[in-house]
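Asker: In our numbering, the protein residues as written are 379 to 439.
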Amino acid sequence: MANGNTVVIGHKIANRKTITKPSYGSDEWWDEEIKRGEADVKSGNYKSFKSARSLIADLHK
């Protein structure tokens, strides 16, 4: 039986944490996406292209 954020399982009570993402396009969403992008750049998780043609060719791989 669930009651708000608490779930009763038999005689045990477990707290259920809800993780919500900010609404798309909100200031919070942008802050989160910018942090993710900066982390990607820092860790080298990106590709560079010399032309739009080479970028498009990579997309079709």
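Positions of the beta carbon are idealized from the N, C-alpha and C atoms, including for glycine. Computed from a predicted structure; not experimentally measured.
(1) W407 and S401 look like a contact to me (Cβ under 8 Å); what is the Cβ gap, rounded to whole Å?
(2) Rounded to a whole number of angstroms, what is the C-alpha to C-alpha distance between H438 and R431?
(3) Excluding the 5 residues flanking N423 on each side, which residues of the same chain have their C-beta closer than 6 Å to its C-beta?
Answerer: In this structure, then:
(1) 6 Å
(2) 11 Å
(3) none
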